[in-house]
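A short worksheet on the structure shown next.
Numbering (the UniProt record's numbering), first residue to last: 1 to 244.
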């Protein structure tokens with residue numbers, strides 16, 4: 001399976017694109033740039049398909065401009081991939097370092113678990129991993145009973161999976177990385193590799209700083225409903241993982 005990579009890149013991040021595209025050229029990897037959505041250029045009242053009330057209840061804070069832009073960018077990348085009619089493709093953010101075996105391992109993962117809609121290839125944490133299968137390249141594929149796993153910087157998605165994500169995640173109620181994992185809500189069949197197939201560069205994310213995240217949080221008493229939602233979400237994740 002010859003997979004194509006769709007890379008999300010903001011217009012202002014020229015250096016990141018130059019590094020990524022040069023690496024792809026060296027590795028002879030098919031790469032398509034997807035112009036990222038600049039969330040900072042959109043006023044909160046002008047955001048589309050965004051349930052700000054639900055987001056605040058679910059996350060205990062306000063939406064950061066970069067999060068909105070990230071969400072719209074991933075939907076745009078999925079649409080670009082879907083329009084090609086290809087059976088599977090890889091979505092990456094521009095802070096991922098392309099490895100020589102990325103396409104081979106991603107393709108082997110899809111072959112090992114053809115019923116999957118998405119297989120995440122990079123995470124910040126893996127806790128409570130439940131194995132579903134192992135690819136011919138030795139990558140263990142399954143689900144986690146604890147999360148969020150963090151990051152949506154690199155994942156392989158199938159044609160049917162793109163449809164499910166674009167329909168099930170059309171309305172923003174969580175950051176994209178969290179929403180992507182919630183297969184129990186979107187109806188998508190989401191899996192992950194136990195070990196990272198991709199790795200991030202040292203540049204880091206352009207979505208937001210840690211101080212911006214902290215500043216966006218509500219006082220503890222306004223997050224009581226959020227804590228209850230997270231308990232329910234944790235239980236749903238465990239059931240989802242065990243049924244996978």
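For each residue, glycine too, the CB sits at the ideal point set by N, CA and C.
Notebook entry, point to check: Taking the alpha carbon of residue 224 as the point to measure from, which residue in 60, 54, 9 and 119 has its own alpha carbon closest?
Noted result: Distances from the CA of residue 224 to each of 60, 54, 9 and 119 were compared; the closest alpha carbon is that of 60.
Notebook entry, point to check: With contact counted as at least three CB pairs below 8 Å, one residue from each stretch, are the region 62-81 and the region 30-37 in contact?
Noted result: Yes, the region 62-81 touches the region 30-37.
Checklist line | residue 92 versus residue 121: straight-line alpha-carbon distance, rounded | finding: Distance between the alpha carbons of residue 92 and residue 121: 10 Å.
Notebook entry, point to check: residue 146 bridges to which residues according to DSSP?
Noted result: Answer is 127.
Next item on the list: Return the CA-CA distance between residue 158 and residue 89, expressed in angstroms with no decimal places.
Entry: Those two C-alpha atoms are separated by around 6 Å.
Notebook entry, point to check: First and last residue of the beta strand (DSSP E) that includes residue 33?
Noted result: Unbroken beta strand (DSSP E) run through residue 33: 31-35.
Next item on the list: Could you work out which residue in 133, 219, 229 and 203 is closest to residue 15 when comparing CA atoms only?
Entry: Out of 133, 219, 229 and 203, 203 has the C-alpha closest to the C-alpha of residue 15.
Notebook entry, point to check: Tell me, which residues are paired with residue 140 by DSSP?
Noted result: Residue 140 pairs with 134.
Next item on the list: Identify the continuous alpha helix (DSSP H) that holds residue 26 and give its terminal residues.
Entry: Residues 14-27.
Check: Helix, strand or coil for residue 170 per DSSP?
Finding: Residue state, collapsed to three classes: coil.
Check: In its own chain, which residues sit with a C-beta less than 7 Å from the C-beta of residue 87, not counting the 5 before and 5 after it?
Finding: The answer, listed in chain order, is 158 and 159.
Notebook entry, point to check: DSSP beta-bridge partners for residue 157?
Noted result: Per DSSP, the beta-bridge partners of residue 157 are 89 and 118.
Checklist line | Complete beta strand (DSSP E) runs within the region 174-219 (minimum length 3 residues, chain order) | finding: The region 174-219 contains these whole beta strand (DSSP E) runs: 190-193.
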